[in-house]
DNA sequence: CTGAAAGCGCTTACAG
DNA sequence: CTGAAAGCGCTTACAG
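Here it is, written out as structure tokens:
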């Protein structure tokens, strides 16, 4: 064994009485028809005995690949992106790939952050919610974009958020709601633009439908203020459609602060179906976005890209989960 | 430039009219006193012009290090561990290290999972909430354990959860509570054992104090059932101390389902201070655990270990955050 | 101050 | 069926 402690293929070769290249062939699983089964078994036993594991740096150097993919997301502290990571890492592991996460800080834009991490050796990039023009900076590195503008030219895996928002609107319309308030995320991302556009179109199609909107950031306090602004209007909406579940929690607070009961006085809907949705009282009617599947499908597409393929864009359906935060509107005052 | 497209130090050397070793010295920042400033500048310009970035696999092979650390945690879908990751990744990046996350699935134990990822080339391991005996499997790889049993022999960075739990008990005692219910996590981990022991000792020290306990898993539904069991006792507790914030959300539900108001009829406390704590109504009195700092301090300790140091164990204080889910107990019936 | 050379541990033609 | 050898792109003594 080499003096540094960790055994190399050369050590295994010596222990098994064969050449180093034979060890490499056996360990790489490319020996059938080239090495006698008896020799192969001797090598495998020696490898196990010595606790041999191939040096990845050497393999990577030789093959020109790292079998590592970078996942760029807004924040891992958001449970949604934790699920995206889980799906991506699962599929990656099935193919012998690792995932390095690059969360960019809230204050730093995506513009330069990932490139401040020059120590990363990666084969490809999986990224969520990035502005499309940022893709151009990834010159040469294969990219798959998640839940992002498909017009950017990159391969995308999307949620069908427009269909999800139409399902919300149809549900509210069926309950009898006409005056809809949109508690919107004030974030310039494709997914939120689409949600807003789809809701506006759906309300426009309702007979007698009207839509008002207030924006906030993706946190409880900001959403509470935005929702409160809508509830303080003269002719207040009977339903608040929120851009995600956390904002819906803020809408609950705005309603309660005004003595309004959810759902008797005002209905509230969310988006994502996080664990929060059932932690709230009443439990939240929301659109379930399959975050784990997004990560998994995205990684599948990226591995296809790395294989030289041309994976086609995919879109994952959201599902309306009706719980107890929505009900018919109160009778006119 | 080499035919594969990506420039190497050899390409830069040719463009700058110097040798490859000079390029390496300049790029590695080890040139002062060895290379003339003029030459160094020529090299740097050529490197920028060609878009040269050192091949990490080659550097890793040469140096016998990967500058990568594996973070092993229960799940990234839990926002708590997202924050741990953020802290660890921040400190790692400051030292030119990358972090690979290894979340183990809920159903698989930690026993073999990380070793089913043999494609990872790592220098060290940062891990949370692992059973102490698992450390022995990491033979040879430096390990720092987070929020885990310090008796295991590994370097640890802990939360002072015992002190946090004592603060909860003191807060409740000061409000007048004596009959305490513990909604406990049924997970065999150091951090939860300590929470239970500290609470038991604190209640024992209260004049007239009594403690009953029910256990559940770390989710809303299971915690709701456990809390409900306590609330259905003949002489029901006036306060429910929950092992984390999500379980507290379950306790809220159990109370509401029985027509009990929080905090008028029963006080509830949590642990962690996740975003959920202020999304709930009423906002949750809880112990804030600095998850980002845990990851950061853990990574600092691990880098110290990799530097050949012997970092001493650290303990991070929790902070009781009093909100509106706790109040004096109702008058005796 | 600069360059030629060794060598990290692999994979993979190539020769036998 | 097996082995000797080249070479991936670096870092770092060593020679000049």
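Protein chains in written order, with full-length UniProt numbering: chain A, 1 to 333; chain B, 1 to 333. We treat Cβ as the ideally placed atom computed from N, Cα and C, and that holds for glycine.
Query	Result
Any C-beta of chain A under 8 Å from that of residue 194 of chain B	no
CA-to-CA distance, residue 324 of chain B to residue 256 of chain A, given in whole angstroms	15 Å
Segment limits, alpha helix (DSSP H) that includes residue 171 of chain A	161 to 175
Burial state of residue 48 of chain A, where buried means 16 or more other Cβ atoms lie within 10 Å	exposed
For residue 182 of chain A, the residue or residues it bridges with in DSSP	A:213, A:241
Limits of the unbroken alpha helix (DSSP H) element including residue 196 of chain B	190 to 205
Runs of beta strand (DSSP E) lying entirely within the segment 6 to 66 of chain B, each at least 3 residues, in chain order	none
Interface flag, residue 325 of chain A vs chain B, CB-CB below 8 Å	no
Coil, strand or helix - residue 316 of chain A by DSSP	strand
Segment limits, beta strand (DSSP E) that includes residue 124 of chain A	124 to 128
Test: residue 336 of chain A CB closer than 8 Å to a CB of chain B	Outside the shown range of chain A (1 to 333) lies residue 336 of chain A, about which nothing can therefore be said.
Start and end residues, alpha helix (DSSP H) containing residue 269 of chain A	Run containing residue 269 of chain A: none in the alpha helix (DSSP H); it sits in the beta strand (DSSP E), 267 to 269.
Buried/exposed call for residue 205 of chain A, threshold 16 Cβ in 10 Å	exposed
Proximity test, Cβ basis, 8 Å: residue 75 of chain A and chain B	yes
Contact list for the segment 273 to 285 of chain B against chain A, Cβ threshold 8 Å	275, 276, 278, 279, 280, 281
Whole-angstrom C-beta distance between residue 266 of chain B and residue 320 of chain B, which should lie under 8 Å	Going by Cβ atoms, the distance from residue 320 of chain B to residue 266 of chain B rounds to 19 Å, so no, they are not a contact pair.
Per-residue DSSP class, three states only, for residue 298 of chain B	helix
Exposure of residue 9 of chain B, with buried meaning 16 or more beta-carbon neighbours within 10 Å	buried
C-beta contact flag for residue 293 of chain B and residue 316 of chain B at 8 Å	yes
Host beta strand (DSSP E) of residue 230 of chain A (start-end)	Taken as a continuous stretch (DSSP letters only), residue 230 of chain A belongs to no beta strand (DSSP E), being part of the alpha helix (DSSP H) at 220 to 231.
Short CB-CB distance (under 8 Å) between residue 158 of chain A and chain B	no
Neighbouring residues, chain A, relative to residue 22 of chain B (Cβ below 8 Å)	Chain A residues near residue 22 of chain B: none, gap ~21 Å exceeds 8 Å.
Short CB-CB distance (under 8 Å) between residue 52 of chain A and chain B	no
Inter-residue spacing [alpha-carbon to alpha-carbon] between residue 81 of chain B and residue 180 of chain B	29 Å
Residue 369 of chain B, buried or exposed, once every other Cβ within 10 Å from all chains shown has been counted against 16	No answer is possible for residue 369 of chain B: it lies beyond the span of chain B, which begins at 1 and ends at 333.
Whole-number beta carbon distance between residue 69 of chain B and residue 122 of chain B, since they are thought to touch under 8 Å	6 Å
Min CB distance residue 269 of chain B to chain A below 8 Å	no
Proximity to residue 330 of chain A [Cα-Cα], best of A:251, A:291, A:239	A:239
Segment contact flag, the segment 276 to 295 of chain B with the segment 304 to 311 of chain B, C-beta cutoff 8 Å, min 3 pairs	no
DSSP state of residue 288 of chain A mapped onto helix, strand, coil	strand
Between the CA atoms of residue 220 of chain A and residue 279 of chain A - distance to the nearest angstrom	14 Å
Residue 63 of chain A versus residue 28 of chain A - alpha carbon distance	13 Å
Under 8 Å from the C-beta of residue 30 of chain A: neighbouring residues of chain B	Residues of chain B passing the Cβ test: none, with the nearest at roughly 17 Å.
Bridge partner(s) assigned by DSSP for residue 321 of chain B	B:286
Listed by chain order, chain B residues near residue 256 of chain A by CB distance under 7 Å	281
Cross-strand partners of residue 101 of chain B (DSSP beta bridge)	B:71
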